[in-house]
Every structure is written in C-alpha cells, then in structure tokens.
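Using our numbering, the letters of the sequence shown map in sequence onto residues 6 to 576.
Every residue, glycine too, gets a C-beta built ideally from N, C-alpha and C.
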Amino acid sequence: MLKFFSKHGYTTCILIAVVIVLLYSLIITPLGGLDIARLKTIDLFYNVKHDLFGPPPEHDDIVIISVDDASLKKLSVRWPIDRGVFAELINRLNASGAQVICLDFFFINESENPAGDERLASALAEAGNVLLASYFSVEGQYIVPIDLFRYPALGTGFVNKPRDRDFSIRRAQPLSVLPNGRLIDYSLEARVIAAYHRIPQDDITYDGQRVIIGTQYPDKVIVPTYGHDKILLNYTTHFDELRVIPMWQVLMGKVPQHKIAGKIVLIGATSESIHDTYHTPFGVMPGVGILANNLLAMLREDSIREVGGWVNFALLLLVSILTATVVYKLSASKGFLLILCEFLAIGQLSQVLFTKNLWWDFFGLLYLPVAVYIVTSFYKYASLVIESMVLRREASTDGLTGLAVYRHFEERLRDEFERAKRHNVPLALIICDIDHFKKFNDTYGHESGNIVLKGVASILKDSSRTIDIVARYGGEEFCAILPLTTEEGAGVYAEKLRGTIEEHQFSLGNKLVKVTISLGVAALPTQNINTHKDLISSADIALYSAKDSGRNRVRVFSNLNQKSDIGKGAS
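So, in structure tokens, the structure goes:
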C-alpha cells in the first residue's frame, strides 16, 4: 500500500479532485449542506454589481407611493386604512396621467365601511388601469380579491416570493403552475408589464421555458424561467434609490403631475407597523421594493440566466483537476501563489459574467479549488512522508528475511544500552549462528539455504515479544535484543529457541530437512561490559564458545569460566 501511494501520486491527486467534485455535486449540494454559503456568495455578486454600475436608468419609470408612518399620522388614519382613501388616491394618480397603478394590498374581504368599499370599486372601474394583488396561502389555496373589486380592476396577480434557507428572497415566480402543467395564474409583475406596454391581460402565455407577454405585439416581453416556473430575481436598485413618494403628498396635492405621468405607480406599505418587510441581498426591504426590482428586470428583459446540469459539473471538474495538477507539480510556495491567482481570476470572471446576467455555481468554482488545494497539499505532504517511510524501511530491513539490518540493530542496541544504564534495568543480547551452514549450501544449494534463512528468521520473529528487536547480524547469523530481560531469562529464551529450531522441519520442495543453531548470551549488569560494543563482543565470545563446544547449544558469557552449557543438543 505504501509503495502504491508513492508510485501513483499524481493519479491519486486527480482522483481526489474528482471525488471532491462528485461529493459536492451529488451529495452536499442536493442536501443543502452549503446553501447558506452559496447564497451569501450570490449576495456578494449582487452588491459588487450594484457598486460598479448603480441602478438602471429605467428605475425612473417606476414610482412608489408609500403608505408610511408619516402618511398615517398626517392623514389622521389608522391601519387598516379606509378603502375610500385608496379610491381618492387612485383618482388623483389617474388625474396625473399614471400609465398603470398597482395596489400591493389584499382586498379579500368586505370592510366595516361599505361606503368606502363602493368608492374603491367605482374608482377601479373608472380608472381601468389598476391591478390588484392576490396570494397563495400557507395551505396552497389561491386567494384573490373579492368580486366587488376583482371585476372592475384591470386584473390580478400573485405576489408570493419563495424564501431561501436563510429566509431571504432571491427568487420569484412569473407564473404558478400545478405539477400536471395546469396554469393557475401569472404574477402581479407580469400583469403590470402587460398593462405598461398596453398589452391585453389575456395575451400572456407560457411555453414551458419562457413567459411571453404580448405574443402578437412588437413590444412583447420575454421572461425565461428555470426550475419549471422560477426566475432568479435580478436585484439592481436599493430601496432608497427608487422614487418613493409618501401617500400624504399625493392626497394633499403636493406632487407635480410630471412625476406621475406615464409611470408605473406601485402603492405599497413601508410603515413598520404593517410588517411588510423582507430580507434581500440589499438588506431589509419592503415588499413593494422587491416588486419594483423584479419589474425593473422585466422592463429591461434583464433576466439572470442560470447555467446548471452537466455544463456546471464539467466546469467544476475542469477547475478542480487543474488545481490538483498545479498543487502536485509545483512546489508549495509556487502552488499556493498560482492557486491564489486562480481564485482571483475565477472571482473576477464570475463577476464579469454576473454583470452579463449569466450565473452558474460560482460558489463551487471559487471554493472547490480551495478544498482541492488543501486536500491535495495534505496528500502531497503525506505521500512524501510515506515515501520517506518506505525508503527508511527498505534501508533498515533485510530484503531476504524481513529482519532489521545490522546498522539498524546497532543503533537500537546503543539506545537500549543507554536506557538500561540510565534506569539501572536489565538488558540481554543473543547472537546465534546456523550450524554448518556453508556445508548445507554446498549440499542443497543457495536457494535452499535462503529458504532455511527465511524460516529461521520467521521462528525468531514469532518467538519474540513486541519490545524485542530481532535482526540479521550477517550471513547465517542472527541476533535479538531483549530489553528488561535478565541473563537468566535470556538463557531460558535462547534454549527454547534452540529447541524449536532443532525440532522444526524445513520444506525444500519434496524434501524435509533440519538444521541446528548455536547461541551466545550476554546481559547487563555484567562486569567489564561498559558499552554496547562490549555487549556485542561478549555475546559473540559466548557464541564462539558454543560453537567450539560442539554446536547446537547455548553459552552464557558470564558462565564461560564455569564451562557449563544451559542446553545441549546433538552436535
């Protein structure tokens, strides 16, 4: 596994990029895991676009008559306002030449003043250019104005706007259709645009992808939709940049006629007591301000087109793979600099495209490369560590037996020797040698000799504890460092090892053979052993004593003067 990571680093980086894109596109995005961050990215682009270009010139075509706190106070009226007041307001606006009047209020019941209701109905009939708001209830029921007002009005349209997960309004519906495709109604904005262009209210159609206002007219307006019946609201104007006139100024004759003539007049609530405000990319805005922004986009046929599906996925994949390639091929500093440039370039390009009303998953394009950079950088660092581990392991491990090589053995022995001296704890060393191994190779061949070497090494490893260090000392010699082991304990271990190998049968194809080993043991504390090299020399002396004494036996360095063997087999 380590060698695979070391050898296939670039391929792994590309796979990391692909997995991140798949995870983002197929799991995180559908489940809404990063919705808030994605939405705030859209808000950022809205605000940068506005800072660069300001409100469109068409915002002068819209006038908002605000039902605000100042108007309620000056007119000495309370909410709900008597409908006779709305009748007077309509009459005055029409006298000033308003092209179309839109009442962003719900007249779904008769009021407590029938005379006021009659006055409003008469004003609607006389004006002939007033549109009323309808809405969908929480239960999904379509609520329209009562017949007293609906029939004399020019038309009605719904004003509902779906809210995103952060409760802000960024989308609109130019029409509402049932899942079976049956049309319920068009939005109030679509109705207003038709009236403004003097298009009959019944000449609004939907072809499954676009709302077409005025199919037979040269001034027809086309509103493309996505997601069956939705559009991304193209916010271009802050509420305080719109032409807002308090209702009291109109009713008291304070507004010059030229400010109203030929305009779209929206009558809506801005009073805090009416609570008709919503969160938007431009902050909190009255509902009539959202209506105005959507109308401006439709007036200019300035809808935002969203690129999705496979095109968006392909862009995310391309940018992520490019990022992974840069991270893997370049140094850390150069890679970071290039990724930073990539991030800034994508951000700049995204903003340019957004000013052209083209939207794709800019959040993914901006931040997926960052995620790929972080993960692949970590992988690149980890692969270097792994490669270093592989090289270190290969340098410290004997290729034939899998045991530690002599250099590693000596380093570990020196460390263990110093630790034993420092803490005054026992330490033992065993060196063993396969008896008559040269003769064995001459008889059975070197390949068979390698089988025996690997077999003896395997028995050594299996017989050792986790803290023991087993190494190939050289040729047919092996050694074992036994921390926290006394001389007596090492002797017992060595004798057990000798007996195990003596009894073991090594398979050479269709033949079974046996070998024996001789072992020398040295341990701390022992007189005249002051360094780790002294310990090696002592164990080596004990080994040669075992061999000189007839082989297949264990000799302990401290007992050499007694000429006694711990264990002895056939020589």
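Nearest to Leu-238 (by Cα), restricted to the options Pro-179, Thr-471, Lys-268: Along the sequence shown, one-based indexing puts residue 238 at 233. Nearest option by C-alpha distance: Pro-179.
Rounded distance between the beta-carbons of Ser-382 and Leu-371, thought under 8 angstroms: Here residue 371 corresponds to residue number 366 of the sequence shown, with the count starting at 1. Here residue 382 corresponds to residue number 377 of the sequence shown, with the count starting at 1. About 18 angstroms separates the two Cβ atoms, so there is no contact after all.
Bridge-paired residues (DSSP) for His-284: Start at 1 with the first residue of the sequence shown, and residue 284 comes out as number 279. According to the DSSP secondary-structure assignment, His-284 is paired through a beta bridge with Ser-173, Val-289.
The beta strand (DSSP E) enclosing Arg-560, as first and last residue numbers: Numbered from 1 along the sequence shown, position 555 holds the residue referred to as residue 560. In this chain, the beta strand (DSSP E) harbouring Arg-560 covers 558 to 561.
Per DSSP, the bridge partner or partners of Phe-163: Here residue 163 refers to the residue found at position 158 of the sequence shown. Answer is Ser-139, Ser-192.
Inter-residue spacing [alpha-carbon to alpha-carbon] between Asn-557 and Thr-490: In the sequence shown, residue 557 corresponds to position 552, counting from 1. In the sequence shown, residue 490 corresponds to position 485, counting from 1. The straight-line gap from Cα to Cα measures roughly 23 angstroms.
Endpoints, alpha helix (DSSP H) assigned at Ala-528: Taking the sequence shown and counting its residues from 1, one reaches residue 528 at position 523. Ala-528: not part of any alpha helix (DSSP H); member of the beta strand (DSSP E) spanning 522 to 529, first to last residue.
Unbroken beta strand (DSSP E) run spanning Lys-82, endpoints: Along the sequence shown, read from residue 1 onward, the residue named residue 82 stands at position 77. Note on residue identity: the sequence assigns Val, not Lys, to residue 82. DSSP places Val-82 in no beta strand (DSSP E); its state is neither H nor E.
Alpha carbon of Glu-93 to alpha carbon of Asp-65, nearest angstrom: By 1-based counting over the sequence shown, the position of residue 93 is 88. By 1-based counting over the sequence shown, the position of residue 65 is 60. Each residue's CA atom was taken as its position, placing Glu-93 and Asp-65 some 24 angstroms apart.
Same chain, Cβ closer than 8 angstroms to Leu-49, neighbours up to 5 away in sequence not counted: For the purposes of this step, residue 49 is taken as the residue at position 44 of the sequence shown. Counting only Cβ-Cβ distances below 8 angstroms, and skipping sequence neighbours, we find nothing.
Which of helix, strand or coil DSSP assigns to Glu-115: Residue mapping note: residue 115 aligns to position 110 of the sequence shown, counting from 1. Residue state for Glu-115 is assigned as coil, using DSSP reduced to three classes.
Nearest residue (CA-CA) to Ser-30, options Ile-95, Trp-365, Ile-236: Along the sequence shown, read from residue 1 onward, the residue named residue 30 stands at position 25. Here the closest residue by C-alpha is Trp-365.
Between the CA atoms of Val-332 and Phe-445 - distance to the nearest angstrom: Here residue 445 refers to the residue found at position 440 when the sequence shown is read from its first residue. Here residue 332 refers to the residue found at position 327 when the sequence shown is read from its first residue. Each residue's alpha carbon lies about 56 angstroms from the other.
Buried versus exposed call for Thr-161 [16 or more other C-beta atoms within 10 Å across all chains shown]: Looking up residue 161 in the sequence shown gives position 156. Residue environment for Thr-161: buried (at least 16 other C-beta atoms within 10 angstroms of its C-beta).
Cβ-Cβ distance between Val-520 and Ala-547 below 8 angstroms: By one-based count along the sequence shown, residue 520 stands at place 515. By one-based count along the sequence shown, residue 547 stands at place 542. Cβ atoms of Val-520 and Ala-547: not closer than 8 angstroms.
Distance CB(Phe-483)-CB(Leu-465) smaller than 8 angstroms: Position 478 of the sequence shown, counted from the start, is the residue given in the question as residue 483. Position 460 of the sequence shown, counted from the start, is the residue given in the question as residue 465. Cβ distance < 8 angstroms, so Phe-483 and Leu-465 count as in contact.
Backbone CA spacing between Val-316 and Leu-28 [nearest angstrom]: Taking the first residue of the sequence shown as position 1, residue 316 is located at position 311. Taking the first residue of the sequence shown as position 1, residue 28 is located at position 23. Between the alpha carbons of Val-316 and Leu-28 lies a gap of roughly 17 angstroms.
Buried or exposed (CB count within 10 angstroms, at least 16 for buried), Phe-367: On the sequence shown, residue 367 is found 362 positions in, with the first residue counted as 1. Looking at its Cβ environment, which holds 16 or more other Cβ atoms inside 10 Å, Phe-367 is buried.
Three-state class that DSSP yields for Trp-364 in the structure shown: For this step, residue 364 is matched to residue 359 along the sequence shown. If DSSP states are grouped into helix, strand and coil, Trp-364 belongs with the strands.
Short Cβ contact (8 angstroms threshold) for Arg-97 with Gly-121: Residue numbering aside, residue 97 sits at position 92 when the sequence shown is read from its first letter. Residue numbering aside, residue 121 sits at position 116 when the sequence shown is read from its first letter. Going by beta carbons, Arg-97 and Gly-121 fall outside the 8 angstroms limit.
N- and C-terminal bounds of the beta strand (DSSP E) containing Phe-483: Here residue 483 refers to the residue found at position 478 when the sequence shown is read from its first residue. Residue range 482 to 488 is occupied by the beta strand (DSSP E) that includes Phe-483.
Whether Pro-374 touches Ser-325 by CB criterion (8 angstroms): The residue you call residue 374 lines up with position 369 of the sequence shown. The residue you call residue 325 lines up with position 320 of the sequence shown. Contact check for Pro-374 against Ser-325 passes: the beta carbons are separated by less than 8 angstroms.
Three-way DSSP call (helix, strand, coil) for Val-90 in this model: The residue given as residue 90 occupies position 85 in the sequence shown. Val-90 sits in a helix when the DSSP states are folded into three classes.
Asp-171 burial status per 10 Å Cβ neighbour count (16 or more: buried): The residue given as residue 171 occupies position 166 in the sequence shown. Exposed: under 16 other Cβ atoms inside 10 Å.
Neighbourhood of Lys-552 by C-beta, 6 angstroms cutoff - its chain only, sequence neighbours within 5 removed: The residue given as residue 552 occupies position 547 in the sequence shown. Taken in chain order, the residues that qualify are Ser-523.
Alpha carbon of Leu-342 to alpha carbon of Leu-301, nearest angstrom: Reading the sequence shown from its first residue, position 337 is the one you call residue 342. Reading the sequence shown from its first residue, position 296 is the one you call residue 301. Between Leu-342 and Leu-301, the C-alpha separation is close to 42 angstroms.
Pair within 8 angstroms by beta-carbon distance, Gly-273 and Leu-296: In the sequence shown, the residue the question calls residue 273 occupies position 268. In the sequence shown, the residue the question calls residue 296 occupies position 291. Contact annotation: Gly-273 and Leu-296 have beta-carbon atoms nearer than 8 angstroms.
Host alpha helix (DSSP H) of Gly-496 (start-end): Counting from 1 along the sequence shown, the entry for residue 496 is found at position 491. For Gly-496, the enclosing alpha helix (DSSP H) has its first and last residue at 492 to 508.
Nearest residue (CA-CA) to Arg-503, options Glu-492, Leu-80, Asp-440: Residue 503 sits at position 498 when you count from the first residue of the sequence shown. The option with the nearest alpha carbon to Arg-503 is Asp-440.
Other residues of its chain near Asp-40: CB distance less than 6 angstroms, five sequence neighbours each side excluded: For the purposes of this step, residue 40 is taken as the residue at position 35 of the sequence shown. Around Asp-40, the same chain offers Arg-170 as residues with beta carbons nearer than 6 angstroms, after the five sequence neighbours per side are excluded.
Beta-ladder partner(s) of Asp-438, from DSSP: Within the sequence shown, the letter at position 433 stands for residue 438. Bridge partners of Asp-438 according to DSSP: Glu-482, Ser-523.
Own chain partners of His-537 with C-beta closer than 7 angstroms, once the 5 adjacent residues on each side are dropped: By one-based count along the sequence shown, residue 537 stands at place 532. These residues qualify, in order along the chain: Leu-418, Arg-419, Phe-422.
Whole runs of the beta strand (DSSP E) within the segment 233 to 279, excluding any shorter than 3 residues: Every unbroken stretch of the beta strand (DSSP E) spanning 3 or more residues and falling wholly within the segment 233 to 279 is given here in chain order: 248 to 251, 269 to 274.
Exposed unless 16 or more other CB atoms sit within 10 angstroms - verdict on Met-6: Working through the sequence shown from its first residue, we reach residue 6 at position 1. For Met-6, the predicted structure reports a pLDDT of 43, less than 50, and the residue's modelled location is therefore unreliable. The matter cannot be settled from this model.
For Glu-311: DSSP bridge partner residues: For the purposes of this step, residue 311 is taken as the residue at position 306 of the sequence shown. Bridge partners of Glu-311 according to DSSP: Trp-364.
Inter-residue spacing [alpha-carbon to alpha-carbon] between Leu-320 and Ser-173: In the sequence shown, counting from the first residue as 1, residue 320 sits at position 315. In the sequence shown, counting from the first residue as 1, residue 173 sits at position 168. Here the C-alpha atom of Leu-320 lies approximately 28 angstroms from the C-alpha atom of Ser-173.
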